[in-house]
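Reviewing the structure listed below.
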Amino acid sequence: MATLRRRDFLGMGMGAGASLLTLRAQAKLTPPPNLLFVFADQWRGQATGYAGDPNAFTPNLDQMARAGLNLTNTVAVCPVCSPYRGSLMTGQYPLTHGVFINDVPLASEANCVGDIYKQAGYATGYIGKWHLNGSPKGRHERRGAFIPRDRRQGFDLWQVLECTHSYNRSPYFGDTPDKLVWEGYDAIAQTREAQSYIKKHAKESHPFCLFLSWGPPHNPYEIAPPKYRKLYAGREITLRPNVPQKAVKSATRDLRGYYAHIAALDDCMGQLLQTLREAGVHENTIVVFTSDHGDMLGSHGLTRKLLPWDESALVPFLLQYPQALGGTGRSVDLPISTPDILPTLLGFSGIPVPASVEGTDFSATLKGTPGAPDSDGALFELPVPYHTAITYGVAAYRGLRTRRHTYVETGDGPWLLYDNRSDPYQLKNLVGTPGIEELQAGLAKILHRKLAEREDKFLPPQHYVDQWKYNHMRELRGKYPAPGQPQPPKLGTDATGWFAVVKGCSVKKHKLGCAVEAPDGSGAALQKLPKPITGKATITARYRSIAEDNPRNAFLILASGPIDRRQTWVGSFAGAGKLATFQGPCKGTQGIKSAPSRTKPTDEFTVEIEVVEH
368 MATLRRRDFL GMGMGAGASL LTLRAQAKLT PPPNLLFVFA DQWRGQATGY AGDPNAFTPN
428 LDQMARAGLN LTNTVAVCPV CSPYRGSLMT GQYPLTHGVF INDVPLASEA NCVGDIYKQA
488 GYATGYIGKW HLNGSPKGRH ERRGAFIPRD RRQGFDLWQV LECTHSYNRS PYFGDTPDKL
548 VWEGYDAIAQ TREAQSYIKK HAKESHPFCL FLSWGPPHNP YEIAPPKYRK LYAGREITLR
608 PNVPQKAVKS ATRDLRGYYA HIAALDDCMG QLLQTLREAG VHENTIVVFT SDHGDMLGSH
668 GLTRKLLPWD ESALVPFLLQ YPQALGGTGR SVDLPISTPD ILPTLLGFSG IPVPASVEGT
728 DFSATLKGTP GAPDSDGALF ELPVPYHTAI TYGVAAYRGL RTRRHTYVET GDGPWLLYDN
788 RSDPYQLKNL VGTPGIEELQ AGLAKILHRK LAEREDKFLP PQHYVDQWKY NHMRELRGKY
848 PAPGQPQPPK LGTDATGWFA VVKGCSVKKH KLGCAVEAPD GSGAALQKLP KPITGKATIT
908 ARYRSIAEDN PRNAFLILAS GPIDRRQTWV GSFAGAGKLA TFQGPCKGTQ GIKSAPSRTK
968 PTDEFTVEIE VVEH
């Protein structure tokens, strides 16, 4: 299928517009199904009881898996928040809808799931995290902003905040700019609102389409309700075999909070399913549970998302629709990617799929219809590396997930190949291994064919940054190295002579004055010094804090040895009205040579740090 670009959005809504008549005619025979789509943020596909995780307490999801479909090869098309959501809403790949990084806006004229179901006669609603109304500058200034009706992509009920990771008494907006507050843990409060919506619309003559987007279990991990944290306090955590010894302590700590969030959300899911039964619409409601991406949580020594390994890219996907699929659970190994979700839901709902959609309708396949479409692989990608990808030296990639294998290429050629059956923890990279040449060539052929169908020429990241005019990517991270130019050092390699401006740090009291930690290790710029420091030198860095209403800002680090994700050896902290230095394990002294005496959290400023190595 030819790739559709942003200009092709205009006028694409007519395909679904005629479907209202289709639904009304169909309703005389069989009432159209309701749709309840529930998705969490950063819940990896392995972290459920039904998937075999001994730490996860998920009895409600386990029951849902026993009564519906468990799609075991579902990948996030680009494993990070906004790109996934753009593809979920449009059924398109990130390079088509343009949201291939976080905090940029989805086009208001995009034909989205809310528009399509609304045109088909459905009541539509969205509750929770949105993350598609970013600034054209790509900064965080819209994360707490009101979203006007013309930016809601067809949803009528609207109880939404663009993005927050403060899950207790977090703010949101409805139809006016008056800020509201979720009382208590926001996922529980949002679930109550979803229950009220279901009860109300179950009595109506027309069907409903409700999306519920939870913020957890995305970090911070330690802020789940106390009753769920107590479940894991002091409890032994079974780590995945691909967690190296150096990551055991931090992974164990983070996973206790992660699973506490999961236990809370599982209770919420159970309440939603019970509400559907009590309202008498359980049999005729399509229910989906999934996530936008996963979380490495120490696997392979890595953290967070954007990465091609299963802990980041593979997501849970449960689907139940008793009226069409019965009540017996089964696992389905059909590989699907995020753009396939919308057309598949439309297929189950009896609504024509608009021409703007790039994904495949697998509804007939999941029903077991003879001759229905099959999948020889699902695509996932990272067109422009940033955040943790830069931290870990991961280049732009294109990946393929088949029923058995994961295959990934960068601009330099084959990078990863795993046999997920014999090597479920992806510990043995088979690329270039003697005897697998035919397998590798076959997977490459499928990947290249799928990219050609989308007209994806796998161009350098800077091409897409320039095409969509995301100038902030250049400003904050520097121009991406062109092929053949020196690349930033990868994790664990000698980084002498490189420096990075890092965002997402926090300050804690320390015996030396303060300590700066960057658990995300979010590299905002990675540049090489003119020459390695062998004596006294001054680094001048201009950067802008990204603080909103918390002490998470930016600082400068200097690497004088192997990169470590928590490395903060020499630096400065830009706080709300103050600037401080700290001393880390590097043998040297440092001090601010020149800096503004006071800065506001979002001021742009220049700081010079004097570094003396011994």
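Quick note: the sequence shown uses our numbering, first residue 368, plus one each step. Cβ coordinates follow ideal geometry from the N, Cα and C atoms, glycine included.
As the crow flies, the alpha-carbon of Asp634 is around 31 Å from that of Thr543.
With respect to Leu639, Gln690 sits apart: the two C-beta atoms are not nearer than 8 Å. Around Pro737, the same chain offers no residue with a beta carbon nearer than 6 Å, after the five sequence neighbours per side are excluded.
Here Gln687 is bridged, per DSSP, to Val654. In the DSSP assignment, Asp633 falls within the alpha helix (DSSP H) that extends over Val615 to Glu645. Around His772, the same chain offers Leu784, Tyr785, Asp786, Asn787, Leu806 and Leu810 as residues with beta carbons nearer than 8 Å, after the five sequence neighbours per side are excluded. Contact between Cys479 and Gln520 holds, with the beta-carbon distance rounding to 4 Å and staying under 8 Å.
Between Arg411 and Leu681, the C-beta gap is smaller than 8 Å, which places the two residues in contact. Counting along the chain, the unbroken alpha helix (DSSP H) around His568 starts and ends at Asp553 to His568. In the displayed model, Thr441 falls within a strand according to three-state DSSP. For the options Pro781, Asn500 and Gly488, the alpha carbon positioned closest to that of Asp523 is the one of Gly488. Pairing Val442 with Lys672 gives a Cβ-Cβ distance that is not under 8 Å. Gly419 has no beta-bridge partner at all, per DSSP. Leu436 places its beta carbon less than 8 Å from that of Leu692.
Ranked by how close their Cα comes to the Cα of Ala432, the residues Pro721, Ala722, Gly665 and Gln687 have Gln687 in first place. Scanning the region 653–739 from its first residue to its last, the whole alpha helix (DSSP H) runs of 4-plus residues come out as 677–680, 689–692, 708–716 and 730–734.
When Cβ pairs closer than 8 Å are counted between the two stretches, the region 490–497 is seen not to touch the region 465–472, the count staying below three. Taking 8 Å as the cut-off, the beta carbon of Val527 is found closer than this to the beta carbon of Tyr493. Ranked by how close their Cα comes to the Cα of Pro399, the residues Asp707, Thr670, Glu804 and Glu650 have Glu650 in first place.
Our two residues, Val471 and Ala477, have alpha carbons roughly 14 Å apart in a direct line.
Leu746 sits away from Ser679, with the two beta carbons spaced by 8 Å or more. Shortest Cα-Cα distance from Glu550 to any of Ser533, His660 and Gly694 involves Ser533. For Gln430, the uninterrupted alpha helix (DSSP H) segment begins and ends at Pro426 to Ala434. For the pair Arg510 and Glu529, the CB atoms are nearer than the 8 Å cut-off.
Within the model, the alpha-carbon separation for Pro450 versus His507 is close to 16 Å. CA-to-CA, the gap between Gln834 and Asn796 works out to about 34 Å. The residues His649 and Thr652, in chain order, have a CB closer than 6 Å to that of Leu643 in the same chain once the five nearest residues on each side in sequence are set aside.
For His568, the closest C-alpha among the options Gln793, Met636 and Asn401 is that of Asn401. Per the coordinates, the alpha-carbon of Trp525 lies some 21 Å from the alpha-carbon of Asn469. Out of Leu403, Gly501, Gly637 and Ser658, the CA that lies nearest to the CA of Ile555 is found in Gly637. For Leu818, no beta strand (DSSP E) segment is defined; the enclosing uninterrupted segment is the alpha helix (DSSP H) at Glu804 to Glu820. DSSP places Gln459 in the coil class of the three-state scheme, outside both helix and strand. Every beta strand (DSSP E) of 3 residues or more that sits fully in the region 472–549 is shown, in chain order, as 490–496 and 524–528. A Cβ-Cβ separation of about 22 Å leaves Gln793 out of contact with Asn586 under the 8 Å criterion.
Collapsing the DSSP output to three states places Pro583 in a strand. Here Asn427 is buried. Its C-beta has 16 or more other C-beta atoms within 10 Å.
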